Amino acid sequence: MMTIVTEVNDWQKIRKTLNTTSLGFVPTMGHLHEGHISLCKRSKLENELTIVSIFVNPTQFNQATDFENYPRTLDDDIEKLSAEKIDYLLLFDSKSLYPDNYEVQVSETEIGKDLEGAYRPGHFTGVLTVVTKLLNLVLPMRAYFGEKDYQQYLLIKKMVSALFMSVEIIACETVRAPDLLALSSRNSRLNASQREKAALFAKGLQSNYSGEELIQQLTSWGFKVDYVAEKWQRRLGAVWLDDIRLIDNIPFGR
Ligand code: AMP
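Just add 9 to wherever you are in the sequence shown, counting from 1, and you've got my numbering.
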């Protein structure tokens, strides 16, 4: 049976009673898909207990409309997590996670300036702050993050090392649809023709086009390109299809 915990205080009491250190943690924003589930499965394999959180973190959204439009499907998510035999699901609200009113923030000044950080001011500070809070509450031995958000993964790894947090950060490969589009909660906002076009973004990243050629191609296909970059031995990109923003990356040279 999966236990759902909605109060921070209740969770802190439960956490003290857990008599194993083999705890795996998967933080999410919900509207779960096979990408999230792959993280859960890996945690289940490697730990005695697996804890998942669902929290649509307002501080990491740099656009109010993106936060409002973010898909929320809690009943469905609970069903999926129960089917995976997750032990605890944490559903905390903003008030309890931000007793400080977001006056205390965790930020990084180098990796986070570039790419997503440049196009989404404040995004990574929101991410690092909430991940710190969640890691401090859960105190897991291992925490699982997707390579889909590669820059985020690098930042979290760097933060955990810089702040001497005792948790192992584990990266999991990006799960894709058969047409190669990386699974993402935001994909459900795509209409049929946008969804079809979106696959060209993944295919383009995996193609032999140079960065410049790829930007030209994506633009001619109707994407608005924020960036295509080669960094950290990966090719990373962010594009808009109308008002929906997609990000993806692939190991370089593939
Ligand atoms: P989110 O709910 O979007 O905040 O994602 C929660 C976690 O799932 C993050 O570590 C993401 O990187 C990871 N994730 C999201 N999409 C995928 C995917 N397609 N494949 C693997 N991991 C993913």
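By construction, the Cβ of each residue, glycine as well, lies at the ideal position given by its N, Cα and C atoms. As the structure is a prediction and not an experimental result, all values here were calculated from the model.
Specify whether the segment 88–106 and the segment 53–60 touch according to this definition: at least 3 beta carbon pairs, one from each stretch, less than 8 angstroms apart. yes
Should ARG81 go down as buried or exposed, given a rule of 16 or more other Cβ atoms within 10 Å for buried? exposed
Euclidean distance between Cα positions of LYS8 and SER47: Any answer about residue 8 is impossible in this case: the structure gives the chain only from 10 up to 263.
The alpha helix (DSSP H) with ASP162 in it runs from where to where? One point to set straight first is that residue 162 is Tyr, not Asp, in the sequence displayed. Note, TYR162: alpha helix (DSSP H), 159–171.
Can you list, in chain order, the residues of its chain whose CB lies under 6 angstroms from that of ILE179, leaving out five sequence neighbours each side? ARG151 and TYR153
Output yes or no for whether 7 angstroms exceeds the beta carbon distance between PHE232 and ARG243. no
Quick check: the segment 120–135 against the segment 24–34, are at least 3 beta-carbon pairs closer than 8 angstroms? no
Closer than 6 angstroms: GLY168 CB and nearest ligand 1 heavy atom: Sequence check: residue 168 is Met here, not Gly. No, the Cβ of MET168 stays beyond 6 angstroms of every heavy atom of ligand 1.
Considering only the beta carbon of each residue, do LEU214 and VAL248 sit closer than 7 angstroms? no
If you measure from each CB to the nearest heavy atom of ligand 1 and keep those under 6 angstroms, what residues do you get, in chain order? THR37, MET38, GLY44, HIS45, SER47, LEU48, PHE154, GLY155, LYS157, ASP158, CYS181, THR183, VAL184, ALA191, LEU192, SER193 and SER194
Classify LEU190 as buried or exposed, calling it buried when 16 or more other Cβ atoms lie within 10 Å of its own Cβ. buried
Candidates SER91, LYS53, MET38 and HIS45: closest to TYR64 by CA position: Sequence check: residue 64 is Phe here, not Tyr. Nearest option by C-alpha distance: MET38.
Residues sharing a beta bridge with GLU239, DSSP: ARG244
Helix, strand or coil: how does DSSP classify ALA180 here? strand
Which residues in the same chain have their Cβ closer than 8 angstroms to the Cβ of ILE253, if we skip the five residues on either side of it in sequence? ARG195, ARG198, LEU199 and GLN203
Return yes when the Cβ of LEU172 is within less than 7 angstroms of the Cβ of VAL184, no when it is not. no
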